[in-house]
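Protein chains in written order, with the working numbering: chain Z, 1 to 333; chain E, 1 to 188.
Read through the structure below, which is laid out as structure tokens, and then see the notes.
This is the structure:
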């Protein structure tokens, strides 16, 4: 009687759904690591010699045979037949984008890719050679004469806008004579130059910007004076999130965006040349100045020491011009 | 029964009358507030004691310097925006030389429906400015920061000279456009 009761209770406790779940769980737990173990190990090696970069992918032979490779001048994409495991090495000279069943290699420079499939050990070898087109482009750039399109010089202020004044000396006059001297020097060297103003007249900022964008010079330099004893060099600056209200302003100013890095390089070159010439402190700043942000050329605004501290006689002007010429030449090279 | 009915009717009458009276006072207050708000230029009305507490950012050699000022209300209609700009134009306390142009008059402050505060200054603001790009940047940034730190719901600040748009203050930065995008980034 007791045995019958316990059997009934066992039947009551027996649940077929529970049992199924238990079996599925055991299967999942046992199969999951097995499936993980099945991932193929891919290893990547690289080396470079001269203009050639060699990238090697090593894996099982059957895996590599089923791998599809597509290339472009700056990219190699390997589509693997199944998921793989991969540990990227350190210090890669290219960008690596691994996905579940693919691997993308992005190169900074254009190149021609040759692919070899080798065995013992099984591997795919990519030889990437810098393309002749790029070499030609680089050599053409080097052969291009310095300041082929000219230098645009902006003498700050003018007319009723005196700028900084000290006694009889005013920023507008000092910068105009410096701009004219620089233009004369360049003319003697057979180089083109453009002045935003040639006389003591007021020219608005937007008129100056339009003038520069019409001329499309190699380099644009705006000349101003600081209130201090040192040189201050300004490069353009952009904020990613500009408000909509100033949309017109920013649509105009976006012209400088693709030249920002060149403009910074220009400011660094001229800063170094001024430091070599004057052994003085050079302050480098980035600021969203409209005259810089709105021009479509490599540009900078330089503030020379205040007329309160420096006499801008011919000797001083020659020293400044010499530094500018050296700075621009270093930048162009 | 009749007595009970009478009491209930009286109570209902009292509740109704108090509702009418309360409603009258409530709505008369709301409407009077709206009327004041419509006529109000930028900034609120002065504190009851006749003094403002304003934070002002003054340009110094290469940065802004915060000072807290407590100016008296010059007239019953003086706003916080006006008091802030007046204090700003006075320059920092105890400074021998100020980067703020001399003899500048505040001609008016208005807030547009777009949330932009228009600051109308006399021509001395442009004419008496003597400075380089950094001085001009800090002068405008100081004005902008002072206004946004004292008045709520400001979207931007625009400077007018003698009631008109001017292209530039000192030949380096635009005044044609509201200041926020120009002065918000910290210079590097």
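We treat Cβ as the ideally placed atom computed from N, Cα and C, and that holds for glycine.
Nearest residue (CA-CA) to residue 228 of chain Z, options Z/295, Z/305, Z/313: Each of Z/295, Z/305, Z/313 was checked against the Cα of residue 228 of chain Z, and the nearest Cα belongs to Z/305.
Buried versus exposed, by CB contacts within 10 Å (16 or more), residue 83 of chain Z: By the 10 Å Cβ count, residue 83 of chain Z comes out exposed.
Below-8 Å beta-carbon distance, residue 259 of chain Z vs any chain E residue: No, residue 259 of chain Z lies away from the interface with chain E (no Cβ there is under 8 Å from its Cβ).
Within chain Z, the residues that residue 133 of chain E reaches when beta carbons sit closer than 9 Å: By Cβ distance, chain Z contributes 224, 226, 232, 234, 285, 287, 289, 301, 303.
Segment contact, 8 Å Cβ cut-off, at least three pairs: the region 61-75 of chain E with the region 109-120 of chain E: Touching, no.
Limits of the beta strand (DSSP E) - the one that residue 78 of chain Z falls within: Looking at the DSSP string, the run of the beta strand (DSSP E) that includes residue 78 of chain Z is 75-79.
Residue 155 of chain Z (DSSP reduced to helix, strand or coil): In this structure, residue 155 of chain Z counts as strand in the three-state DSSP scheme.
Cutoff 8 Å: residue 197 of chain Z Cβ touching any chain E Cβ: So, not an interface residue.
Residue range of the beta strand (DSSP E) that includes residue 300 of chain Z: Where residue 300 of chain Z is concerned, the enclosing beta strand (DSSP E) stretches over 299-304.
Enclosing beta strand (DSSP E) for residue 85 of chain Z [first to last residue]: For residue 85 of chain Z, the uninterrupted beta strand (DSSP E) segment begins and ends at 84-86.
Runs of beta strand (DSSP E) lying entirely within the region 151-210 of chain Z, each at least 3 residues, in chain order: If only uninterrupted beta strand (DSSP E) runs of at least 3 residues are considered, those enclosed by the region 151-210 of chain Z are 151-155, 193-195.
8 Å contact criterion, which residue 170 of chain E and residue 131 of chain E should meet: CB distance rounded: Yes, residue 170 of chain E and residue 131 of chain E are in contact; Cβ-Cβ is about 6 Å, under 8 Å.
When E/84, E/16, E/168 are compared against residue 127 of chain E, the one with the closest alpha-carbon: The option with the nearest alpha carbon to residue 127 of chain E is E/168.
Alpha-carbon to alpha-carbon, residue 270 of chain Z and residue 80 of chain E: Cα atoms of residue 80 of chain E and residue 270 of chain Z: separation of roughly 47 Å, rounded to the nearest angstrom.
Simplified DSSP state of residue 129 of chain E, which is helix, strand or coil: Reduced to three states, the DSSP call for residue 129 of chain E is coil.
Whole-number beta carbon distance between residue 102 of chain Z and residue 126 of chain Z, since they are thought to touch under 8 Å: A Cβ-Cβ distance of about 15 Å is found for the pair residue 126 of chain Z and residue 102 of chain Z, leaving them out of contact under the 8 Å criterion.
Residue-level contact to chain E via CB, residue 246 of chain Z, 8 Å cutoff: The predicted position of residue 246 of chain Z is uncertain, since its pLDDT is 48 and thus under 50; a value taken from the coordinates is nonetheless stated next. For residue 246 of chain Z, the answer is yes, since a Cβ of chain E falls inside 8 Å of its Cβ.
Chain E contact residues for residue 255 of chain Z, given Cβ-Cβ distances below 7 Å: Result: empty, since nearest Cβ-Cβ is about 15 Å, beyond 7 Å.
Buried versus exposed call for residue 248 of chain Z [16 or more other C-beta atoms within 10 Å across all chains shown]: Confidence is the limiting factor: at residue 248 of chain Z the pLDDT is only 48, short of 50, which leaves the residue's position unreliable and the question unanswerable from this model.
Contact residues within the region 151-181 of chain E, judged by C-beta distance below 7 Å to chain Z: Flagged, chain order: 156, 167, 168, 171, 172, 173, 174, 177, 178, 180, 181.
Paired residues, beta bridge with residue 48 of chain Z - DSSP: Answer is Z/53, bridged to residue 48 of chain Z.
Members of the region 171-189 of chain Z near chain E, C-beta cut-off 7 Å: Listed in sequence order: no entries.
Residue-level contact to chain E via CB, residue 73 of chain Z, 8 Å cutoff: The beta-carbon of residue 73 of chain Z is placed no less than 8 Å from the nearest beta-carbon of chain E.
Residue 317 of chain Z, DSSP secondary structure in three states: Helix at residue 317 of chain Z.
Within-8 Å CB hit, residue 65 of chain E to chain Z: Interface criterion not met: the Cβ of residue 65 of chain E is under 8 Å from no Cβ in chain Z.
Proximity of residue 57 of chain E and residue 152 of chain E at Cβ, strictly below 8 Å: With respect to residue 152 of chain E, residue 57 of chain E sits apart: the two C-beta atoms are not nearer than 8 Å.
Heavy atom of the ligand HEM within 7 Å of residue 58 of chain E beta-carbon: This structure lacks the ligand HEM, and indeed carries no ligand of any kind.
Stretch pair the region 212-223 of chain Z + the region 153-160 of chain Z: three plus CB contacts closer than 8 Å: Short answer: they touch.
Backbone secondary structure at residue 236 of chain Z - three-state DSSP: Of the three classes helix, strand and coil, the one that applies to residue 236 of chain Z here is coil, per DSSP.
Complete runs of the beta strand (DSSP E) confined to the region 50-78 of chain E [at least 3 residues]: With a minimum length of 3 residues, the continuous beta strand (DSSP E) runs that stay inside the region 50-78 of chain E are 54-59, 64-69.
CB of residue 317 of chain Z within 8 Å of CB of residue 181 of chain Z, strictly: Note that the C-beta distance between residue 317 of chain Z and residue 181 of chain Z is below 8 Å.
Candidates Z/59, Z/115, Z/233, Z/98: closest to residue 339 of chain Z by CA position: Residue 339 of chain Z cannot be examined here, being either before or after the span of chain Z that is shown, 1 to 333.
Simplified DSSP assignment, three categories, for residue 103 of chain E: Residue 103 of chain E sits in coil when the DSSP states are folded into three classes, being neither helix nor strand.
Cα-Cα separation between residue 22 of chain Z and residue 91 of chain Z, rounded to whole angstroms: Looking at the two C-alpha atoms, the distance is approximately 48 Å.
Alpha-carbon to alpha-carbon, residue 181 of chain E and residue 104 of chain Z: Rounded to whole angstroms, residue 104 of chain Z to residue 181 of chain E spans 39 Å at the Cα level.
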